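Protein chains in written order, with this note's numbering: chain C, 12 to 176; chain P, 2 to 137. Ideal Cβ placement from N, Cα and C applies to all residues, glycine included. From a predicted model like this one, the values you see are computed outputs, not experimental measurements.
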Amino acid sequence: MDLFLQPWPWYVAGPLIGLTVPALLLLVGKPFGISSSFRHLGSICSPGTKIDYLRDNKWRDEIWNLFFVGGVVIGASLAGHFLVREPVALLPDSLATWPGGLLLFLGGCLVGFGTRWAGGCTSGHSIMGISSLNWSSLVATCCFFAGGLLMTWIIRPLFAAASGS
Amino acid sequence: MRNIIASVIGTGFGMILVKSEVSSWGRVQRMFRFEEPHMYLIIGSAIAVAAASVWIIKRWHVKAIGGEAPKFKPKPFTKGIIFGGALFGIGWAITGACPGPIYAQMGNGNLMAICSFCGAFVGAYLYAVLKPKLPG
Chain C
12 MDLFLQPWPW YVAGPLIGLT VPALLLLVGK PFGISSSFRH LGSICSPGTK
62 IDYLRDNKWR DEIWNLFFVG GVVIGASLAG HFLVREPVAL LPDSLATWPG
112 GLLLFLGGCL VGFGTRWAGG CTSGHSIMGI SSLNWSSLVA TCCFFAGGLL
162 MTWIIRPLFA AASGS
Chain P
2 MRNIIASVIG TGFGMILVKS EVSSWGRVQR MFRFEEPHMY LIIGSAIAVA
52 AASVWIIKRW HVKAIGGEAP KFKPKPFTKG IIFGGALFGI GWAITGACPG
102 PIYAQMGNGN LMAICSFCGA FVGAYLYAVL KPKLPG
């Protein structure tokens with residue numbers, strides 16, 4: 012039980028994440044992907060819209076995807092309450108401020124906009140795409156990391172220098 | 002029935018995202034700063050296990066529940082993969098979360114992740130509006 016309460020090592024977590032792919036393919040019949048949930052939510056919130064991308068989306072056929080992400084919220088809640096000794100902060104306290112919230116919102120905008128433009132995220136491209144030898148998913152994954160490295164090594168240091176901290 | 006199974010698999014996935022700390026902002030920063038191999042090992046081993054599973058499913062034509070062949074949706078190359086991919090990467094480094102972990106952070110009770118979630122919804126909506134004007 013003690014082992015269970017500690018953070019799980021990569022050689023447990025990684026293969027389990029990998030098994031999500033055949034689980035969804037064989038038990039639900041669908042490829043693994045998460046960022047399309049944002050599109051489905053957009054379609055649901057705008058019935059009768061003239062926006063092609065939301066109107067032409069057959070979200071009723073993909074409703075399993077929203078059940079899946081609903082499950083992610085529930086599972087994270089269960090793990091956070093029952094599988095840890097004390098609550099784990101997945102976000103630092105430094106972001107629990109108004110400017111921090113704005114930053115998260117803007118970062119979230121880039122996540123939503125970028126994943127939909129790229130047609131997938133870490134799950135749909137990096138895991139599902141690469142594992143089915145979809146070469147454009149490998150390109151996408153390289154671009155994900157290029158963006159992350161650009162932010163970490165160039166944009167954030169520039170902002171830090173400009174704000175004098 | 003399919004939806005119930007999907008939510009059960011999602012529940013398992015959400016637990017892994019919390020217990021492996023893949024949805025930890027700090028872990029994502031340390032990944033991009035090359036300070037620890039944790040995230041790379043997780044993503045790498047996940048791809049390896051997923052690739053072996055997909056190979057087996059395709060090689061022996063394993064059927065999904067209900068007797069249908071599982072659907073693979075190949076994603077063709079577009080300019081959006083480059084531009085959108087890079088924008089997502091920037092957002093990933095800011096929020097410390099890709100889409101799955103945004104849901105996991107909210108579930109874990111890190112309420113600031115609601116800001117990231119609202120952003121992702123607005124960002125995806127903005128993409129829907131601007132799509133006709135964007136390349137690929």
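Practice item. Specify, as a first and last residue, the run of the alpha helix (DSSP H) that N76 of chain C falls within. Key: Element bounds for N76 of chain C: 74-93.
Exercise for review: Go ahead and pull the three-state DSSP assignment for L144 of chain C.
Suggested key: In the three-state reduction of the DSSP assignment, L144 of chain C falls in the coil class, being assigned neither a helical nor a strand state.
Check your understanding: Using a beta-carbon distance cut-off of less than 7 Å, what residues from the region 65-89 of chain C approach chain P?
Key -> Answer in chain order: L65, I74, W75, F78, F79, V80, G81, G82, V83, V84, I85, G86, A87, S88, L89.
Practice item. For H39 of chain P, go through chain C and note every residue whose CB falls closer than 7 Å to its CB, in chain order. Key: Contacts between H39 of chain P and chain C, judged by CB atoms closer than 7 Å, involve W21 in chain order.
Review point. Since W26 of chain P meets chain C, which of its residues come closer than 8 Å, beta carbon to beta carbon?
Key: Within chain C, the C-beta atoms nearer than 8 Å to that of W26 of chain P come from L101, L102, P103, L106, in chain order.
Exercise for review: Identify whether R34 of chain P lies in helix, strand or coil by the three-state DSSP scheme.
Suggested key: Looking at R34 of chain P - three-state DSSP - the assignment turns out to be coil, as it is neither helix nor strand.
Check your understanding: List, in order along the chain, the chain P residues whose C-beta lies closer than 7 Å to that of L52 of chain C?
Key -> Ordered by position in chain P, the residues that pass the 7 Å Cβ test against L52 of chain C are F122.
Check your understanding: Taking all protein chains shown into account, do 16 or more other C-beta atoms lie within 10 angstroms of the C-beta of Q106 of chain P, making it buried, or fewer, making it exposed?
Key -> Looking at its Cβ environment, which holds 16 or more other Cβ atoms inside 10 Å, Q106 of chain P is buried.
Exercise for review: Compare the C-beta of P98 of chain C against all C-beta atoms of chain P and say whether one is closer than 9 Å.
Suggested key: Yes, P98 of chain C counts as interfacial toward chain P.
Point to revise | Extent of the continuous alpha helix (DSSP H) to which H136 of chain C belongs | key: Run containing H136 of chain C: none; DSSP gives neither H nor E here.
Point to revise | Three CB pairs or more closer than 8 Å across the region 78-97 of chain P and the region 106-122 of chain C | key: These segments touch.
**Study point:** Alpha carbon of P136 of chain P to alpha carbon of G85 of chain P, nearest angstrom
**Key:** Looking at the two C-alpha atoms, the distance is approximately 10 Å.
**Study point:** Short Cβ contact (9 Å threshold) for I43 of chain P with V19 of chain P
**Key:** For the pair I43 of chain P and V19 of chain P, the CB atoms are not nearer than the 9 Å cut-off.
Check your understanding: Tell me which same chain residues have a C-beta within less than 8 Å of the C-beta of H51 of chain C, skipping the five on either side of it?
Key -> In its chain, beyond the 5 residues on either side, N68, W70, E73, I74, N76, L77 have a beta carbon closer than 8 Å to the beta carbon of H51 of chain C.
Check your understanding: Does the separation of the CB atoms of G90 of chain P and G86 of chain C fall below 9 Å?
Key -> With a cutoff of 9 Å on beta-carbon distance, G90 of chain P and G86 of chain C are scored as not near each other.
Check your understanding: Rounded C-beta distance between T152 of chain C and S137 of chain C? I'm assuming under 8 Å.
Key -> Yes, they are in contact, since the Cβ atoms of T152 of chain C and S137 of chain C sit about 4 Å apart, within 8 Å.
Review point. Among P:A49, P:K80, P:Y104, which has the Cα closest to the Cα of G91 of chain C?
Key: Among P:A49, P:K80, P:Y104, the Cα nearest to that of G91 of chain C is on P:Y104.
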